[in-house]
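Please read the structure below before turning to the comments.
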Amino acid sequence: MRFYSRTLTARPYSADDWLVLASLFSQFVMAASILASVKVAAIGHHADYVVETNPGAITKFFQFLVFWSAWYLATFSFPKLAICLLYRRLFPQRAVFIIMWLTAVILIGTAIAGLVTDLAACMPFDAHWAPLEVQKAQCIDKEPLFLWVNFPNIVTDVVMLILPLPIVWKLQTPFQLKVALTATFLIGSMGLVASILRFRSFADSNSFIDVTYTAVELLIWTLVEPGIYLISACLLMSRPLLDKFSQKFSSGKHRQAGTYASSSSRGLGRSAENGDVHGSTIALGSKITTEGEFRQNSGDGYSSAFPSNNIVITTHINQSWDGPSVPLSDLSR
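According to our numbering, the stretch in the sequence shown is residues 253 to 585, in order.
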């Protein structure tokens, strides 16, 4: 949906588009590995039962766990970095530039630090999937790592939730537009709820007690959280697609007043409707006022929303006739 929406604009693909594609790939890999673990590592069964019936599955589980803990860092980083780049493009203010880059640094730093810590948590490396008694002797306590690696996600989610709102509400635009823009940017922070729920799930559970059974809920949130980030990154770019469908449904409505629009996208604009001219004749000395909106489009479906390189100009045109009354039907001849 995101890439189809991009074809409706004149802007070329950018870095955030490729990050979304990488996020989709990482999400597929994570989902496939979790599905495979149900068969191979006996996920969903109590550990005591697995030890008695298929002890090799416990080893497979811990091998999957090493992969999940490392791969998760990529699945949540890619879509959030895509949202950061989108905000950077939409908001040209220097303060936004600094905050978004700091957010990106936190995300990348968290991923790198988490990856290094996780891989170096056991010495020798194969102690990662050794029996729990061996892990306790040769590994650090990985439970706090699984819990607190999610905390920077919550912090950055709050930043991305709050950042656009003051800018939107300072715009000289109708209240309804401010509400619509606010709702649009709130979509980009839906992952905040999932992050909090995942954090709480890990805080309430011990990953290493009845490992194959307690892993079910933890893996659900590990898959859902980055999936919501991915959906958010795509929905934020769906405005051109929504415009296309809204134009399709409203194509049967025709108005007599002219509309004017200017867009940087392909040099063509999306028309904005004006008020109707009522009555069948133009009386002597009467004036007709029409309003047209000339918009510069950002190419992302967000026209007129922001200062600097995004401009909205509303032009009022007054037209007067000083002749006899003329039927409107005659003006079209």
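Even for Gly, the Cβ is constructed at its ideal location relative to N, Cα and C.
Residue i to residue j span [Cα, whole Å]
| i | j | result |
| --- | --- | --- |
| F349 | R340 | 6 Å |
| P426 | I483 | 28 Å |
| V272 | L417 | 24 Å |
| D269 | L276 | 11 Å |
| H297 | W320 | 19 Å |
| A267 | V318 | 29 Å |
| R263 | A334 | 16 Å |
| S457 | V290 | 20 Å |
| F460 | A293 | 15 Å |
| L471 | Q424 | 45 Å |
| P286 | V468 | Note that residue 286 is Ile in the sequence shown, not Pro. In a straight line, the C-alpha of I286 is about 9 Å away from that of V468. |
| F343 | E304 | 59 Å |
| I419 | I448 | 26 Å |
| M412 | E385 | 42 Å |
| Y481 | W381 | 30 Å |
| R346 | K430 | 22 Å |
| R452 | K394 | 16 Å |
| S278 | A485 | 15 Å |
| V401 | L475 | 15 Å |
| A288 | F377 | 23 Å |
| A432 | I364 | 37 Å |
| P307 | A274 | 36 Å |
Buried/exposed call for residue i, threshold 16 Cβ in 10 Å
| i | result |
| --- | --- |
| T311 | exposed |
| Y301 | exposed |
| R450 | buried |
| T434 | exposed |
| E477 | buried |
| F316 | buried |
| T265 | The sequence as given places Tyr at residue 265; Thr does not occur at that position. Looking at its Cβ environment, which holds fewer than 16 other Cβ atoms inside 10 Å, Y265 is exposed. |
| E545 | Any reading at E545 is ruled out, since the residue's pLDDT is 40, under 50, leaving its predicted position unreliable. |
| R585 | Because R585 carries a pLDDT of 38, less than 50, the predicted location of this residue cannot be relied on, and no value is offered for it. |
| T355 | buried |
| L415 | buried |
| I569 | Confidence is the limiting factor: at I569 the pLDDT is only 45, short of 50, which leaves the residue's position unreliable, though a coordinate-based value still follows. Looking at its Cβ environment, which holds fewer than 16 other Cβ atoms inside 10 Å, I569 is exposed. |
| L371 | exposed |
| A309 | buried |
| D574 | Because the pLDDT at D574 is just 42, under 50, the model does not fix this residue reliably, and the point stays unresolved. |
| K422 | exposed |
| Q428 | exposed |
| I351 | buried |
| A284 | exposed |
Cβ separation of residue i and residue j, assumed to be a contact under 8 Å, to the nearest whole Å
| i | j | result |
| --- | --- | --- |
| L488 | T436 | 7 Å |
| W323 | V281 | 7 Å |
| V410 | L444 | 7 Å |
| M375 | Q390 | 6 Å |
| I392 | A373 | 5 Å |
| L325 | G366 | 5 Å |
Option nearest residue i by Cα separation, candidates the options
| i | options | result |
| --- | --- | --- |
| Y465 | I286, N458, I472 and I295 | I295 |
| F328 | E385, I360, E469 and K422 | I360 |
| F403 | A455, L371 and A373 | A455 |
| T362 | V292, T408, L342 and F343 | T408 |
| L337 | V468, A299, A347 and W353 | W353 |
| P383 | S278, A288 and F313 | F313 |
| V405 | P344, K394, L429 and F330 | The sequence shown places Asn at residue 405, rather than the Val named in the question. Nearest C-alpha to N405: F330. |
| A446 | A299, I358 and W473 | W473 |
| V463 | A283, S278, A274 and A299 | A299 |
| I358 | I448, R346, K332 and G479 | K332 |
| M442 | V431, A432 and G479 | G479 |
First and last residue of the uninterrupted alpha helix (DSSP H) at residue i
| i | result |
| --- | --- |
| D378 | Careful: D378 lies outside any alpha helix (DSSP H) and carries neither H nor E. |
| S266 | Neither: S266 is in no alpha helix (DSSP H) and is coded neither H nor E. |
| F451 | G443 to D456 |
| D393 | Unbroken run through D393: none, as it is neither H nor E. |
| M412 | F403 to I414 |
| K430 | F427 to I439 |
| L354 | R346 to L371 |
| I461 | From DSSP, I461 is part of no alpha helix (DSSP H); its letter is neither H nor E. |
| G296 | Element bounds for G296: n/a, residue is neither H nor E. |
| P331 | G308 to L342 |
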